[in-house]
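Chains as they are written, first to last, in the numbering used here: chain G, -6 to 369; chain Y, -6 to 369.
Glycine included, C-beta positions come from ideal geometry on N, C-alpha and C.
On a predicted model such as this, the values are computed, not experimentally measured, just so you know.
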């Protein structure tokens, strides 16, 4: 909670739930990444929070951008950032979107199979491609499936295919899993990356870049290691696997860049019991899974929640959202401890909600508008 | 698939995924419900699909409306339907929203605890309230949690509380779980409802209405019983538990009203393997969990999918959406059988997608706009 956000909420006139993002925190986060990984370029993962003000600030600070779609590319270009600072980082792209991105000047694309290379080769000739490989995602709170990337053993063929079709086989990328709490998690993927570099060298093709992906955590309820310890662990692994020939590196923080910059304000709509013998009460908020808090899915992420009654004795509550949808329950398997005295009408603050809240929000589910955002 | 939808898609000029809803099917569904339950009023669950054209058609046909929020109430009123045809059916309401609904003429509210009764009593004096009770939701493909409703044993106290505070204790509601495939599922809840009616009678309060809720299924891949068999089973249970004093009844179909009226058209963006030894290929569409297909969560609902290559030999595919989000996978635990020959660029049709698709869609996740809808 920052003073700027506190002051904004105190004087806010609008009604209804909202998220407030403090640009000063985003700036601090950017500078922390830049300092912890001084030789690494930062590509902000736009999908975490594509607010114009955030993109504009990061563009001014010198950041590059990891874009998931043509829509995001256009949002970044609208801030005045140039196309050479954009990576089209989604391995799943329509050929006509690759073509439009190329027309707008984008020259860096992610691939993970030969069919995707073929699309890029046809409509974005001469571009750089990096091949995403599968990483295991162990120790991540929001683990990855096998959706993105190929087995490391397949990557040299994909990259050679790119080389033969007029593209620049530029490097390797991977993702260790979002909200990754173990700074050592990059090591085994870097070992695979170094193997691919050597294998390509044997084929006469020199790769240049390792894209270290995202995964840098933001602080929710559990303590996390600081960004510098990630920088140190990653640098040590690069040394270990690449020796003196350390490649160009980039990172793609999203959650780590904006997560702790945002706070949601929400209102208690109802507190109730289901029967006289129930031990745990239900607490209903005016937003839930469908209006910003999707990442409570499977109760994976436990946000810190502040109430105006903090300090009173705690009691376990099941917390749910306001929609007529039974899956719109935030914490039930493991109820959440809040002051016993919380009441209908209380305003609660949910911390660490600057990333993946507005964007996950539904457009108008149950007639409730999408989450409103203020960037200050 | 209807001829009208086929013809519409054939001549459509816009690019990108969409859902097309055929109003003729909605009309047929309404008339089928009206015929199968002739003494029951139909309250369409607006949340399933709040398109203006659907609400307007149903208003003309004489339907009433189950609304989850003030937003939905205003959408219904905008079609010209009068407020006496609206139920504010959400048990979780802000007091100021109840007040605004009351100002607009709404006089029927759902409650499931005394705190909610107090709100209605304060700002909507004299209104009718029905108490929602918990039902077990067995046999539903999209089961309910304990989020809505109180234990039946608690309902008489809630209703008596309403009566004492100047409200009309009007009846009981329950929900047997969405996409309920067992027509007998209403029986045990009706037994509880009848008990509450008798208990209230003993307290000198006569209840009038049983709200049978929704749950009526739409056809996906599995066969379902027809609406008439639901009508017969429910009527038999009413007779069994209420004898000659059958109460006024209402139903709240949502999925059953619009599910089979809609078809999504989507494009294959990529087909790939993760390694040379993979047995199952991945197939990526241009929409997924975040742009209309949220109900594939936990692979609960398996939509029928048509391809331009139907008739070719089938092969198992993992199906995923286009976003840079690893949870955006539709069918993986149990892969989906599609023609082996499907290719990048093919247009697929996903049937039974008229309900809970546009509304669940995110606003702009990954820079991909919300699902576009055409109502024809």
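Please confirm whether residue 171(Y) and residue 219(Y) have their CB atoms less than 9 angstroms apart. no
Say whether chain Y places a C-beta atom closer than 9 angstroms to the C-beta of residue 353(G). yes
Which residues share a DSSP beta bridge with residue 368(G)? 14(G)
Among residues of its own chain, excluding the 5 on either side of residue 326(Y), which ones have a beta-carbon nearer than 8 angstroms to its beta-carbon? 292
8 angstroms Cβ shell around residue 70(Y) - same chain, five flanking residues per side excluded: 76, 79 and 97
Contacts around residue 250(G), its chain only, beta-carbon distance under 6 angstroms, and the 5 residues preceding and following it disregarded: 22 and 37
Quick one, which of 223(G), 161(G) and 52(G) has its alpha-carbon nearest residue 104(G)'s? 161(G)
Positions along the segment 256 to 287 of chain G whose CB lies within less than 8 angstroms of some CB in chain Y: 260, 262, 263, 264, 265, 266, 267, 268, 269, 275, 277, 279 and 283
By how many angstroms is the C-alpha of residue 246(G) removed from the C-alpha of residue 173(G)? 11 angstroms
What runs of the alpha helix (DSSP H), each 4 residues or longer, lie entirely inside the segment 176 to 243 of chain G? 179 to 195 and 220 to 235
Proximity of residue 319(Y) and residue 109(G) at Cβ, strictly below 9 angstroms: no
Span of the alpha helix (DSSP H) around residue 66(Y): 63 to 70
Taking 9 angstroms as the threshold (C-beta atoms), are residue 298(Y) and residue 344(Y) in contact? yes
Range covered by the alpha helix (DSSP H) that runs through residue 163(Y): Note, residue 163(Y): premise wrong, no alpha helix (DSSP H); beta strand (DSSP E) at 161 to 166.
Taking the alpha-carbon of residue 289(G) as reference, which of 321(G), 6(G), 74(G) and 356(G) has the nearest alpha-carbon? 321(G)
Output the distance between the C-alpha atoms of residue 125(G) and residue 168(G), rounded to the nearest integer angstrom. 8 angstroms
Chain-order list of residues whose beta-carbon lies under 8 angstroms from that of residue 187(G) (same chain, five-residue window excluded): 234 and 235
Could you list which residues in chain G have their beta carbon closer than 7 angstroms to that of residue 139(Y), in chain order? 267
Can you give me the start and stop residues for the alpha helix (DSSP H) that residue 93(G) sits inside? 88 to 96
What's the C-alpha gap between residue 73(G) and residue 63(G)? 16 angstroms
Runs of beta strand (DSSP E) wholly within the segment 274 to 333 of chain G (minimum 3 residues, chain order): 274 to 278, 307 to 313 and 322 to 332
6 angstroms Cβ shell around residue 224(Y) - same chain, five flanking residues per side excluded: 29 and 30
Should the segment 211 to 218 of chain Y be regarded as contacting the segment 179 to 198 of chain Y, the criterion being three or more beta carbon pairs within less than 8 angstroms? no
Under 8 angstroms: do the segment -2 to 18 of chain G and the segment 276 to 286 of chain G share three or more Cβ pairs, one atom per stretch? yes
Taking only beta-carbon positions, decide if residue 11(G) is within less than 9 angstroms of chain Y. no
Nearest-angstrom Cα distance between residue 153(G) and residue 140(G)? 22 angstroms
Do residue 40(G) and residue 143(Y) have their C-beta atoms within less than 9 angstroms of each other? no
Taking Cβ positions only, does residue 67(Y) come closer than 9 angstroms to chain G? yes
Chain-ordered chain Y contacts of residue 14(G) [CB-CB under 7 angstroms]: Chain Y residues near residue 14(G): none, gap ~16 angstroms exceeds 7 angstroms.
I'd like the span of the alpha helix (DSSP H) that includes residue 45(G), first residue to last. 45 to 54
In whole angstroms, give me the CA-to-CA distance for residue 222(G) and residue 19(G). 19 angstroms
Give the DSSP-derived three-state secondary structure of residue 259(Y) in the structure shown. strand
Measuring CA to CA, which of 157(Y), 159(Y), 138(Y) and 127(Y) is closest to residue 147(Y)? 127(Y)
In whole angstroms, give me the CA-to-CA distance for residue 51(Y) and residue 45(Y). 10 angstroms
Would you verify that the beta carbon of residue 371(Y) is, or is not, closer than 9 angstroms to some beta carbon of chain G? Lying outside -6 to 369, the shown extent of chain Y, residue 371(Y) is not represented and no answer is given.
Can you pull the chain Y neighbours of residue 86(G), defined as C-beta to C-beta under 9 angstroms? 262, 263 and 315
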